[in-house]
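Student: Here it is: the structure, laid out below.
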């Protein structure tokens with residue numbers, strides 16, 4: 321094993337450990353509020369509203385709702401964790417120290433991504449555990465559940481990195497979640513099947529990448545989907561590759577990171 325590889329692994333471990341310790345240190349802000357929000361969704365939408373709705377594809381609405389809420393937490397927390405963390409590094413100026421260090425760009429980016437995925441996937445597990453208080457848990461295809469959750473978390477961690485790179489003030493990191501991410505999430509099939517939408521909303525929904533991620537995860541849990549599973553995977557992999565390449569290019573050029 322070469323010394324370069326060993327040094328890179330040490331650097332990667334250091335970045336990941338710092339990111340995870342940041343999540344743990346402020347656990348009351350990173351883990352508790354999303355768990356409370358998910359519980360309220362289960363109570364209001366699943367119990368109150370869902371009791372008046374017919375079954376979806378043979379499942380009670382509460383069971384149909386679980387995959388969407390899990391994915392919503394994975395998406396929002398993976399995104400927000402990397403955005404706030406990397407922008408904080410820019411604001412405190414220590415990102416410049418990483419850029420001039422011997423660490424390759426892929427090590428820096430991978431460390432932040434793994435940290436964001438740790439938070440996103442942890443919240444996904446927490447919401448799954450909470451859902452067991454309201455409805456039996458289904459696991460039709462565990463491998464699809466795992467790979468979809470990881471790909472989705474990676475994609476939105478990368479998207480959060482891009483947002484953090486171009487943000488110039490703290491207000492800038494709130495614009496995309498508020499005006500882009502939230503509408504896409506609510507229109508991404510989290511609470512309903514897109515087959516219930518009329519035109520033009522049905523066609524518009526098909527250009528929403530979150531729709532494919534939610535449906536792939538729902539297929540993994542319940543075995544039902546509105547979208548062919550291979551298309552969902554193609555969309556997720558394509559976004560991961562494109563955003564990953566763009567993120568590495570931004571780091572290599574130091575765009576938005578050097579004073």
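Numbering (our numbering), first residue to last: 321 to 579.
Positions of the beta carbon are idealized from the N, C-alpha and C atoms, including for glycine.
Owing to the predicted nature of the structure, the values given are computational and were not obtained by experimental measurement.
Can you tell me where the alpha helix (DSSP H) with residue 515 in it begins and where it stops?
Tutor: From DSSP, residue 515 is part of no alpha helix (DSSP H); its letter is neither H nor E.
Student: For the putative contact between residue 577 and residue 415, defined by C-beta atoms under 8 Å, what is the C-beta separation to the nearest angstrom?
Tutor: Rounded, the Cβ-Cβ distance is 5 Å, consistent with contact.
Student: Return the first residue and the last residue of the alpha helix (DSSP H) that residue 339 is part of.
Tutor: From DSSP, the alpha helix (DSSP H) with residue 339 extends over 323-345.
Student: Can you check which of these residues, 490, 507, 521 and 429, is closest to residue 477 by C-alpha distance?
Tutor: Answer by Cα proximity: 429.
Student: Using a 10 Å radius around the Cβ and a threshold of 16 neighbouring Cβ atoms, would you call residue 339 buried or exposed?
Tutor: Buried: at least 16 other Cβ atoms inside 10 Å.
Student: From this set, 465, 419, 394 and 445, which residue's C-alpha is nearest residue 545's C-alpha?
Tutor: Comparing Cα-Cα distances from residue 545 to each of 465, 419, 394 and 445, the minimum goes to 465.
Student: Would you call residue 431 buried or exposed, if buried means 16 or more other Cβ atoms sit within 10 Å of its Cβ?
Tutor: Buried.
Student: According to the neighbour-count rule (16 or more other Cβ atoms, all chains shown, within 10 Å of its Cβ), is residue 499 buried or exposed?
Tutor: Classification for residue 499: exposed.
Student: Would you kindly work out how many angstroms separate the C-alpha atoms of residue 517 and residue 410, rounded to a whole number?
Tutor: For residue 517 and residue 410, the distance between alpha carbons rounds to 43 Å.
Student: Near residue 394, which residues of its chain fall below 7 Å by C-beta distance, leaving aside the five closest residues on each side in sequence?
Tutor: Contacts found: 440, 441, 443, 444, 469, 472 and 473.
Student: Using the Cα positions of residue 461 and residue 540, report the straight-line distance between them to the nearest angstrom.
Tutor: For residue 461 and residue 540, the distance between alpha carbons rounds to 4 Å.
Student: Distance, Cα to Cα, residue 491 vs residue 378?
Tutor: Rounded to the nearest angstrom, the two C-alpha atoms are 44 Å apart.
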